[in-house]
Amino acid sequence: MHYLDTPIEFLKGVGPLRAGLLRKEAGISTFADLLSFYPFRYIDRSKFYKINEVSGEMPYVQIRGTISGIKLHGERRTTRMTALLSDDTGELELVWFRGFKWLKDQFKSGVEYIVFGKPTLFGRRINIAHPEVEPVTPVALNQLSSMQAVYNSSEQLRAKGLDSKGIGRLVKTLLPLALPHIGETLPKTVLQALKLPGRQDSLLAIHFPSDAGTLKKAVARLKFEELFFIQLSLLRSRQLRLEKTGGHVFPSIGRLFNAFYHETLSFSLTGAQKRVLKEIRSDTLSGKQMNRLLQGDVGSGKTVVAVMSMLMALDNGFQACLMAPTEILAFQHYESVSTMLSGLGVTVGLLTGSTRSARRRETLQQLMEGSLQLLIGTHALIEDVVKFEQLGMVVIDEQHRFGVAQRARLWAKSKVPPHVLVMTATPIPRTLAMTLFGDLDVSVIDELPPGRKPIKTIHQYDSNRLKVFGFMREQIKKGRQVYVVYPLIQESETLDLKDLTDGYESIVREFPLPDYGVSIVHGKMKPSDKDYEMQRFVRGETQIMVATTVIEVGIDVPNATVMVIESAERFGLSQLHQLRGRVGRGGDQSYCILMTGSELSGDARKRVGGLVSTNDGFQIAEMDLQLRGPGDIQGTQQSGLPDLKLADLTKDEAILKAARHYARDLLERDPSLSSDENRPVARQLKHLFPDKIFWSRIS
Ligand code: ADP
Ligand code: MG
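As numbered in my numbering, residues -9 to 689 make up the sequence shown, in order.
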């Protein structure tokens, strides 16, 4: 066993009890874990404040002074002990809520103490609760550093003496013992090229920095290391997939593709669509399995690309399937794809949870025989009973909504895995994409079909509702249609539903029959009712669609030009952007109206303002990342975003790019990392990622 894998229990000063707590509360099981339990900030312990400089807002202060007037408070039992700390500028109160017996006799009058703690304004006086106190001695003064590490602790750890200081003591015990066992993990060439400090120096400096410059370099190096190994494993796993997994070859562009392209398609493809089709084409010729992520903003025309990719499979005697996240979407895809392909004699089927059993049996039978060429559906497609004769291409729409395990099951459907195209309309910030999907190939449609007028986005307070109704009337008079969307957030589903139905009723009152028709759609309706309402709107029989976010993705009604979002402050940025993407799909000027109350939180204001300021999904994704942090971006939780200790994907894009660059460079020169020089790199990679499972690989 490597020294650093020694259980933390065996470190002097730990023992079984504290070891258990460290594991449970801080995830520290071994020596190595403690070394990488990095401080979350540093405080300047070399500076002393005068009492008259101290205010309740200061995080921590250190004061030199004398202690007097110790008092115990409480009726039968002491509940609190106070003392006065004085210097030549004034006095403040120190207070303790436990440990009285021991503390009471600690402080001697006339002795000067160093007092350290968090000042709080209590009434009109400032006090410091549970300060650290030690007598002023030359040794004590000498040990005060300008950068003292602060570690995260917890109530339970503190109760066993493992507050920040206690943890610092453990690190101090461990470091000198561990240093000789800490080997370099980064290649020499990289260290030299980037002038990064060594691993030993960096670990020492991050726990006990001598100055800010050294600390900065140490942190940069450790962040780089963290990101470098993630990138290395992603790229290595992509490499392995390409080496090991064969893919179907589609040698010919055939009748269906050509007929569709030359005869059916009523518009010419954008440059971006053509480029992506070429990328997919070359994947399907390579003999390797395609694993491609297709990113494109709402309305950028991903569906056509998906259909044409599936035709490539069909032309070569394979079947294809298209999987959508909801029944409504699956049905809409089914309708539009059937229409698109109607002249070509392609057999298209639909399979969802609500497909009747007779129909289902028939569909499954045809699928197995191969007489059904293209299947569209929901996650019903991945059930084991769904067997294809020869599945060549899988398209997954809006992949964020599919769990990883679900996607994995698609693979099992044929001996040679089908090509997989994953489409997402939620642009993913670059840094996240690089980390989450670093082993996928990524295509981007970064161009909207021509003739689109940018959507105008307007923020309105609820008090202006009548004005908004007036605007809706104007648009409807011009023959346009309107969405009105209400939030539906799980925790308060019934309340939200009431908002929605109240809103629906007031809109029906404002827009009465026979001049107006209003549809309503929400998640609690029976699928058949939902469908009925949706279809009425799609056919233009109703002018207003009142809905929850079920219409967020995919619905395509080019005649709809107004999207009114109620309680817009309750939606996330990406979601707002998705909703907005439901309009602006035809040639007419479209509008998105964000309704909010008059009191907005700072973040809500930023979201609303952000949406008003740009239509660019990628910019919005970046804003979302900055506002919410990587963990909360839609879909990242289930996608296996690695747990980063130091690096921050919202701030460290430059380091991430460097890490990816050097990782790729290394693998190009030594694909299996087998050279002597790279052996430590390989060892560390294996140590960090022993099972080599990458979630995105199986998407
Ligand atoms: P996405 O799925 O990316 O949001 P869609 O594929 O639904 O976008 O396309 C949005 C609309 O734009 C559809 O009505 C589609 O027919 C149309 N469209 C797609 N590509 C083009 C193009 N190159 N030129 C004109 N219209 C297009
Ligand atoms: Mg779409």
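Cβ coordinates follow ideal geometry from the N, Cα and C atoms, glycine included.
Does at least one heavy atom of the ligand ADP sit under 6 Å from the Cβ of arginine 350?
Position 360 of the sequence shown, counting from 1, holds the residue named residue 350. Result no, Cβ not under 6 Å from the ligand ADP.
At the level of alpha carbons, what is the spacing between valine 140 and proline 29?
Taking the sequence shown and counting its residues from 1, the one referred to as residue 140 is at position 150. Taking the sequence shown and counting its residues from 1, the one referred to as residue 29 is at position 39. The straight-line gap from Cα to Cα measures roughly 5 Å.
With respect to the beta strand (DSSP E) encompassing serine 63, which residues constitute its N-terminal and C-terminal limits?
Numbered from its first residue, the sequence shown carries residue 63 at position 73. Before going on, a small fix: residue 63 reads as histidine here, not serine. First-last of the beta strand (DSSP E) with histidine 63: 51 to 63.
Within its chain, find whatever has a CB closer than 8 Å to the CB of glutamine 674; leave out the 5 residues flanking it on each side and keep chain order.
Your numbering for residue 674 matches position 684 in the sequence shown. For glutamine 674, where only same-chain residues beyond five positions count, the Cβ hits under 8 Å are Thr175 and Phe219.
Using the DSSP secondary-structure output, state which residues sit across from proline 125 in a beta bridge.
Within the sequence shown, numbered from 1, the residue matching residue 125 stands at position 135. According to DSSP, proline 125 bridges with Tyr103.
Is it the case that the region 353 to 369 contacts the region 273 to 280, given that we only count it when at least three CB pairs across the two stretches are under 8 Å?
Between the region 273 to 280 and the region 353 to 369, the count of Cβ pairs shorter than 8 Å is below three; the stretches do not touch.
Out of curiosity, what's the CA-to-CA distance linking aspartate 77 and arginine 54?
The residue labelled residue 77 in the question sits at position 87 within the sequence shown. The residue labelled residue 54 in the question sits at position 64 within the sequence shown. Cα-Cα distance, rounded: 7 Å.
Supposed contact pair isoleucine 60 and methionine 71 - C-beta distance, whole angstroms, cut 8 Å
Indexing the sequence shown from 1 puts residue 71 at position 81. Indexing the sequence shown from 1 puts residue 60 at position 70. So it is a contact: roughly 7 Å between Cβ atoms.
With DSSP as the reference, please indicate the residues paired to asparagine 142 in a beta bridge.
On the sequence shown, position 152 is the one that residue 142 refers to. Asparagine 142 is not bridged to any residue.
Under 7 Å between the Cβ atoms of leucine 615 and proline 408?
Taking the sequence shown and counting its residues from 1, the one referred to as residue 615 is at position 625. Taking the sequence shown and counting its residues from 1, the one referred to as residue 408 is at position 418. Going by C-beta atoms, leucine 615 is not nearer than 7 Å to proline 408.
May I ask you to check if the CB of serine 290 is nearer than 6 Å to at least one heavy atom of the ligand ADP?
Along the sequence shown, read from residue 1 onward, the residue named residue 290 stands at position 300. Correct: serine 290 has its Cβ closer than 6 Å to the ligand ADP.
Measuring CB to CB, does serine 36 end up less than 7 Å from leucine 160?
The count along the sequence shown starts at 1 and reaches residue 36 at position 46. The count along the sequence shown starts at 1 and reaches residue 160 at position 170. Taking 7 Å as the Cβ cut-off, serine 36 and leucine 160 do not qualify as a contacting pair.
Does the ligand ADP have even one heavy atom less than 6 Å from the beta-carbon of threonine 293?
Looking up residue 293 in the sequence shown gives position 303. Yes, the beta carbon of threonine 293 sits closer than 6 Å to at least one heavy atom of the ligand ADP.
I'd like to confirm something about arginine 575: is its beta-carbon nearer than 6 Å to some heavy atom of the ligand ADP, or not?
Along the sequence shown, read from residue 1 onward, the residue named residue 575 stands at position 585. Yes, since a heavy atom of the ligand ADP falls inside the 6 Å radius drawn around the Cβ of arginine 575.
Sub-7 Å separation of glutamine 221 and alanine 594 beta-carbons
Stepping through the sequence shown from its first residue, residue 221 is reached at position 231. Stepping through the sequence shown from its first residue, residue 594 is reached at position 604. Against a cut-off of 7 Å, the Cβ pair of alanine 594 and glutamine 221 comes out as no contact.
Cβ neighbours of threonine 640 in the same chain (closer than 7 Å, five flanking residues each side left out):
Position 650 of the sequence shown, counted from the first residue, corresponds to residue 640. Cβ within range, chain order: Leu615, Gln616, Gly619 and Pro620.
Taking only the alpha-carbon atoms, compute the straight-line gap between alanine 348 and leucine 362 and give it to the nearest angstrom.
Along the sequence shown, read from residue 1 onward, the residue named residue 348 stands at position 358. Along the sequence shown, read from residue 1 onward, the residue named residue 362 stands at position 372. Alanine 348 and leucine 362: Cα-Cα distance of roughly 16 Å.
Got a sec: does the ligand ADP put a non-hydrogen atom nearer than 6 Å to the Cβ of proline 444?
Counting from 1 along the sequence shown, the entry for residue 444 is found at position 454. Proline 444 Cβ: outside cutoff for every heavy atom of the ligand ADP.
Give me the Cα-Cα distance between glycine 173 and proline 670, rounded to the nearest whole angstrom.
To locate residue 173, count along the sequence shown from 1; it is residue 183. To locate residue 670, count along the sequence shown from 1; it is residue 680. In a straight line, the C-alpha of glycine 173 is about 8 Å away from that of proline 670.
Selected residue, minimal CA-CA separation from threonine 147, among Ala9, Gly64, Ala672 and Met462:
Counting from one through the sequence shown, the residue named residue 147 turns up at place 157. Contrary to the premise, residue 147 reads as leucine rather than threonine in this sequence. Taking only the C-alpha atoms, the option nearest leucine 147 is Ala9.
Taking the beta carbon of valine 338 as the centre, do at least 16 other beta carbons fall within 10 Å, making it buried, or is it exposed?
For the purposes of this step, residue 338 is identified with residue 348 of the sequence shown, where counting begins at 1. Buried, because 16 or more other Cβ atoms sit within 10 Å of the Cβ of valine 338.
Who are the near neighbours of phenylalanine 250 in its chain, counting only those whose CB is closer than 8 Å to its CB and skipping five residues on each side?
For the purposes of this step, residue 250 is taken as the residue at position 260 of the sequence shown. Val297, Met298, Leu301, Met330, Leu331 and Leu334.
Going by DSSP, what residues sit across from lysine 116 in a beta bridge?
Sequence index remark: in the sequence shown, residue 116 carries index 126 (1-based). According to the sequence provided, residue 116 is isoleucine. The question's lysine does not apply to it. In the DSSP output, where bridge partners are listed per residue, isoleucine 116 has Leu111.
Segment limits, beta strand (DSSP E) that includes lysine 446
Here residue 446 refers to the residue found at position 456 of the sequence shown. Note, lysine 446: beta strand (DSSP E), 446 to 451.
Closest to proline 548 by C-alpha separation, out of Asp578, Leu365 and Glu531, would be which residue?
Taking the first residue of the sequence shown as position 1, residue 548 is located at position 558. Of the candidates Asp578, Leu365 and Glu531, the one whose C-alpha sits nearest the C-alpha of proline 548 is Asp578.
Please classify glycine 3: is it buried, with 16 or more other beta-carbons within 10 angstroms of its beta-carbon, or exposed?
As a working mapping, residue 3 is identified with position 13 in the sequence shown. Glycine 3 should be labelled exposed.
Give the secondary structure of proline 419 by DSSP, where H, G and I count as helix, E and B as strand, and everything else as coil.
In the sequence shown, residue 419 corresponds to position 429, counting from 1. Coil.
Glycine 80 - DSSP class collapsed to helix/strand/coil
As a working note, residue 80 is residue 90 in the sequence shown. Here glycine 80 sits in strand by DSSP.
Please classify serine 290: is it buried, with 16 or more other beta-carbons within 10 angstroms of its beta-carbon, or exposed?
For this step, residue 290 is matched to residue 300 along the sequence shown. Buried is the call here.
Need the endpoints of the alpha helix (DSSP H) that alanine 558 sits in, please.
If you number the sequence shown from 1, residue 558 lands on position 568. No alpha helix (DSSP H) holds alanine 558; DSSP gives it neither H nor E.
Does the distance between the C-beta of proline 502 and the nearest non-hydrogen atom of the ligand ADP fall short of 6 Å?
Translated into the one-based positions of the sequence shown, residue 502 becomes position 512. Checking the Cβ of proline 502 against the ligand ADP gives no.
Tell me the DSSP secondary structure of isoleucine 366 in three-state form.
Along the sequence shown, one-based indexing puts residue 366 at 376. Residue state, collapsed to three classes: strand.
Would you call the CB atoms of glutamine 310 and alanine 320 closer than 7 Å?
Residue mapping note: residue 310 aligns to position 320 of the sequence shown, counting from 1. Residue mapping note: residue 320 aligns to position 330 of the sequence shown, counting from 1. Checking the displayed sequence, the identity of residue 310 turns out to be alanine instead of glutamine. No, the Cβ-Cβ distance between alanine 310 and alanine 320 is not below 7 Å.
With 7 Å set as the bound, which would you pick, yes or no: does the beta-carbon of leucine 205 sit closer than that to a beta-carbon of chain C?
Looking at the structure shown, chain C is missing, and only one protein chain is on hand.
Looking only at its own chain, which residues have a Cβ that is under 8 Å from the Cβ of glutamine 96, when we skip the five neighbours before and after it?
As a first step, residue 96 is located in the sequence shown; it is residue number 106 there, counting from the start. Around glutamine 96: Val123.
What are the start and end residues of the beta strand (DSSP E) that includes serine 45?
By one-based count along the sequence shown, residue 45 stands at place 55. No beta strand (DSSP E) contains serine 45, which DSSP labels as neither H nor E.
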